[in-house]
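Residue numbers (the numbering used here): 3 to 369. Just so you know, even glycine gets a beta-carbon here, dropped at the ideal spot from N, CA and C. Please read these numbers as outputs of a predicted model, since none were measured by experiment.
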Ligand SMILES: Cc1cc2nc3c(=O)[nH]c(=O)nc-3n(C[C@H](O)[C@H](O)[C@H](O)COP(=O)(O)OP(=O)(O)OC[C@H]3O[C@@H](n4cnc5c(N)ncnc54)[C@H](O)[C@@H]3O)c2cc1C
């Protein structure tokens, strides 16, 4: 089967690899001239990622065993975790190379401009101008601003968070990342400092509006007024918010990754859910089962659970965050957090509630 993939980010590259490996004739059209650049991602993932992929050397930057969560009143809880930090540019290159090695054709510097789903044609633009080609099956992995998304979901107005972050030099405990819960400078999301090594970290936040203003405020508080001299680069981008009403398949067109809103609304993590959706896509091409059903089975419920938790967190006051961090610091809660995988929020939340029933207090924000 001929498959046209739009976008060779993490998920487009991975999906193209799975499809080419299954014997499909895959062509990938990527807008940029270099894979992975510009990079907008932090690259932190739960270590269950390593069960999905065997990475080549140089992609895994760091392993994190602790997370320090700060409440608005400055108190903190240190919890155990099992996360990794990857070099996002190298990860994208790795998946794309795997796709090419499996037989996919990669065409760089080509941007999808228009799609005519009735005639099954797309208009691509490169430095020589525009041209129209036909497709048999189209997989849109064209990221958070997906052009194809709107064709499949004319009635959905996407909501995005605006991420702003920088790579900053300094001295860091390389095993521990920091999370800041605070309505002052990261209302509706959180701020983070994620070490890539003992000497460098990615620090930033996501918000609904004025990202530069809030970023500057956070960085000054965390690193002091002169923080800019230690910055070696900026990264920023859009984080799409999951919507359970999203259509990810219409006829021979499928959306995957950020284009399909396959992102956890609690953390903004899109790598693992996007990869699960890509696996569902490959399975649907193999078995003839509907992709829409398959991706929902694989990851839809988890994404919905993350969205519920996000809606609850959106109603938190600073006093709620202070109380939450206090409860998370208790020995019982810490043990559950250490032994659980946050990819599966329902199981995680249930265990946590059983261990620390005072967390039920926050249920008032669910409804
Ligand atoms: C600030 C920030 C921090 C993040 N941190 C994390 C994290 O720590 N962990 C995590 O799991 N997730 C994180 N994410 C989310 C993660 O980056 C995305 O979920 C992930 O990149 C999705 O991959 P994708 O391939 O779907 O989209 P993208 O990575 O956006 O790739 C889309 C590709 O399509 C190409 N493209 C776009 N439009 C077109 C077009 N019209 N024609 C041709 N090509 C096109 C682009 O050039 C790009 O290469 C973060 C996001 C942001 C913004």
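Among the options, which residue has its Cα nearest to the Cα of residue i?
i           : options            : result
residue 211 : 198, 308, 165      : 165
residue 139 : 337, 81, 286       : 286
residue 180 : 259, 36, 49, 224   : 224
residue 40  : 267, 302, 236      : 236
residue 288 : 13, 17, 318        : 17
residue 178 : 130, 84, 96        : 84
residue 317 : 183, 291, 282      : 183
residue 163 : 306, 242, 94, 173  : 242
residue 15  : 239, 313, 143      : 143
residue 97  : 76, 57, 131        : 57
residue 68  : 320, 328, 195, 360 : 195
residue 131 : 148, 150, 111      : 111
residue 349 : 226, 307, 209, 76  : 307
residue 155 : 250, 113, 294, 124 : 250
residue 309 : 36, 263, 252, 24   : 263
residue 325 : 347, 360, 334      : 360
residue 312 : 290, 175, 271, 87  : 271
residue 99  : 10, 367, 299       : 10
residue 135 : 119, 146, 129, 145 : 119
residue 252 : 342, 150, 333, 103 : 150
residue 129 : 48, 35, 368        : 35
residue 175 : 333, 64, 244       : 64
Taking 6 Å as the cut-off, is the CB of residue i close to at least one heavy atom of ligand 1?
i           : result
residue 285 : no
residue 135 : no
residue 243 : no
residue 195 : no
residue 75  : no
residue 263 : no
residue 305 : no
residue 143 : yes
residue 260 : yes
residue 272 : yes
residue 33  : yes
residue 8   : yes
residue 312 : no
residue 161 : no
residue 30  : no
residue 149 : yes
residue 109 : no
residue 12  : yes
So, for residue i: in the same chain, excluding its five sequence neighbours on each side, which residues have a beta-carbon less than 6 Å away from its beta-carbon?
i           : result
residue 107 : 29
residue 254 : 139
residue 3   : 26
residue 338 : 353, 354, 357
residue 113 : 33, 127
residue 204 : 44, 167, 169, 196
Under the assumption that residue i contacts residue j (Cβ atoms under 8 Å), give the Cβ distance between them as a whole number of angstroms.
i           : j           : result
residue 90  : residue 45  : 4 Å
residue 340 : residue 81  : 7 Å
residue 248 : residue 279 : Going by Cβ atoms, the distance from residue 248 to residue 279 rounds to 11 Å, so no, they are not a contact pair.
residue 327 : residue 79  : 5 Å
residue 74  : residue 186 : 7 Å
residue 314 : residue 364 : 7 Å
residue 6   : residue 93  : With 8 Å as the limit, residue 6 and residue 93 do not qualify as a contact, their Cβ atoms being about 23 Å apart.
residue 266 : residue 240 : About 15 Å separates the two Cβ atoms, so there is no contact after all.
residue 231 : residue 209 : Going by Cβ atoms, the distance from residue 231 to residue 209 rounds to 24 Å, so no, they are not a contact pair.
residue 117 : residue 153 : 6 Å
residue 215 : residue 222 : No, residue 215 and residue 222 are not in contact; Cβ-Cβ is about 11 Å, not under 8 Å.
Would you kindly check if the distance between the Cβ of residue j and the Cβ of residue i is under 7 Å?
i           : j           : result
residue 193 : residue 220 : yes
residue 233 : residue 170 : yes
residue 137 : residue 121 : no
residue 22  : residue 157 : no
residue 50  : residue 345 : yes
residue 31  : residue 109 : yes
residue 62  : residue 86  : yes
Residues in the same chain with beta-carbon distance under 8 Å from residue i, minus the five sequence neighbours each way, listed in chain order, please.
i           : result
residue 302 : 246
residue 374 : Lying before the first or after the last residue shown, residue 374 is absent from the chain, which here runs from 3 to 369.
residue 173 : 200, 201
residue 244 : 263, 264, 265, 266, 267, 305, 306, 308, 309
Excluding sequence positions up to five away, which residues of its chain have a Cβ less than 7 Å from the Cβ of residue i?
i           : result
residue 296 : 282, 285, 286
residue 54  : 277
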